[in-house]
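Enquirer: Structure incoming, see below.
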DNA sequence: GCTTGTGTCTGTACCAACTACAGAGCGTAA
DNA sequence: TTACGCTCTGTAGTTGGTACAGACACAAGC
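Chains as they are written, first to last, in UniProt numbering: chain A, 1 to 138; chain B, 1 to 138.
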């Protein structure tokens, strides 16, 4: 006795609820071509198949790993047909490099912020070492 | 014999060149109220004083530390008057927490990406462990 | 004085990746 | 039947800029 059949067609809010994404995100992915035009009821309401659900889950997972929408398009083979494992690996490696660069940038921010905050007294006066340092000539 | 006098009024491109920002960024900061309306020549060309330069440098430094435009607005005392050192500290601490959360998120992405890429062979075939895993039911 | 080239002016459009909202229509339970 | 809630569409807003078009300004050279 499944609570909901895994093959039943879902409405947009149901699909969003199942996969934990925003309602409008689904329409957005449809608009930009990541999701195909879904089936419709006679009156125009969208109906999502199990295949649609699988595809959306793929997209959401890839996005949560930080792949861009364009990356996802490539992974799905929308641009140039289904990518080879070599192509996927290259994409993922490049993406990983990007993530690491962002981490390095953020770490440097954190470090510099720490240095610059060192003189902060936390006093209730307007004199603050942080703003002073940002205002310095050099 | 200074190459350029530090007090001479600068044109927009000159100021941008000195501080290493984009020409249009200056107009943008003026538009959103981070920079005051500058002096103008009779024909309407902007002229930036030394004070303008100091203020823009402050803004660019704060932005490079990752403070949002709204944070910068607060640091400059545009919203509620000049902030106390306690307020600046609180803002900076909150921002630092944010940076660290972003670092943690990116590290998790990197780790998960590593796990998921582990099975990638890099072959010229369409069978790819990465996409397979993203397509998996659970 | 005139032309030519470069710089500046304004407003507006564009980028990513959604998210939110207005106004109309549809579905269903009481 | 009427009310409520869900869905439909198109469009605007978000963040922090960046780019461009078309009109004017300014300085140098002739």
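Beta carbons are placed, not taken as given, at the ideal position from N, Cα and C, and that holds for glycine.
Does any CB atom of chain A fall closer than 9 Å to the CB of residue 68 of chain B?
Expert: Not an interface residue.
Enquirer: So, is the C-beta of residue 45 of chain B closer than 9 Å to a C-beta in chain A?
Expert: no
Enquirer: Enumerated in chain order, which unbroken segments of the alpha helix (DSSP H) with a length of 4 residues or greater are wholly contained in the UniProt domain "HTH merR-type" (14 to 78) of chain B?
Expert: 23 to 31, 50 to 64 and 69 to 75
Enquirer: Hey, would you say residue 32 of chain A sits closer than 9 Å to residue 15 of chain A, going by beta carbons?
Expert: no
Enquirer: Please report the straight-line C-alpha distance between residue 184 of chain B and residue 19 of chain A, rounded to a whole angstrom.
Expert: Within the shown structure, residues of chain B are numbered from 1 to 138, placing residue 184 of chain B beyond reach of any answer.
Enquirer: So which residues on chain B does residue 121 of chain A lean against when the C-beta distance must stay under 7 Å?
Expert: 85
Enquirer: Using 10 angstroms around the beta-carbon of residue 83 of chain A, count the other beta-carbons present and answer buried if the total reaches 16, otherwise exposed.
Expert: buried
Enquirer: Beta carbon of residue 135 of chain B, beta carbon of residue 63 of chain A: below 9 Å?
Expert: no
Enquirer: Could you tell me the distance, in whole angstroms, from the CA atom of residue 72 of chain B to the CA atom of residue 91 of chain B?
Expert: Between residue 72 of chain B and residue 91 of chain B, the C-alpha separation is close to 10 Å.
Enquirer: Starting from the beta carbon of residue 92 of chain A, find every residue of chain B whose beta carbon is closer than 9 Å, and list them in chain order.
Expert: Neighbourhood of residue 92 of chain A in chain B, by CB distance below 9 Å: 113, 116, 117, 120 and 130, in chain order.
Enquirer: Name the one or two DSSP bridge partners that residue 10 of chain B has.
Expert: Beta-bridge pairing links residue 10 of chain B to B:48.
Enquirer: Would you identify the three-state DSSP class for residue 84 of chain B, choosing helix, strand or coil?
Expert: coil
Enquirer: Near residue 3 of chain B, what residues of its chain come up, given a Cβ to Cβ distance below 7 Å and the 5 sequence neighbours on each side ignored?
Expert: At residue 3 of chain B, the pLDDT of 40 sits below 50, so the modelled position is not reliable; the number obtained from the coordinates is stated separately. So the list is empty, once near-sequence residues are dropped.
Enquirer: Kindly list, in the order they appear in chain A, the residues whose Cβ is closer than 7 Å to that of residue 127 of chain B.
Expert: 85
Enquirer: Quick one: Cα of residue 86 of chain A to Cα of residue 104 of chain A, how far?
Expert: 27 Å
Enquirer: Checking 9 Å against the spacing of the C-beta atoms, do residue 35 of chain B and residue 106 of chain A come in under that value?
Expert: The answer is no: Cβ separation not under 9 Å.
Enquirer: Is it right to say residue 43 of chain A is buried, meaning 16 or more other beta carbons lie within 10 angstroms of its own, or is it exposed?
Expert: exposed
Enquirer: Anyone know if the C-beta pair for residue 99 of chain A and residue 113 of chain B falls short of 9 Å?
Expert: Cβ atoms of residue 99 of chain A and residue 113 of chain B: closer than 9 Å.
Enquirer: Measure the C-alpha to C-alpha separation of residue 49 of chain B and residue 70 of chain A and round it to an integer number of angstroms.
Expert: 44 Å
Enquirer: Compute the distance between the beta-carbons of residue 89 of chain B and residue 117 of chain A, then report whether it is under 9 Å.
Expert: yes
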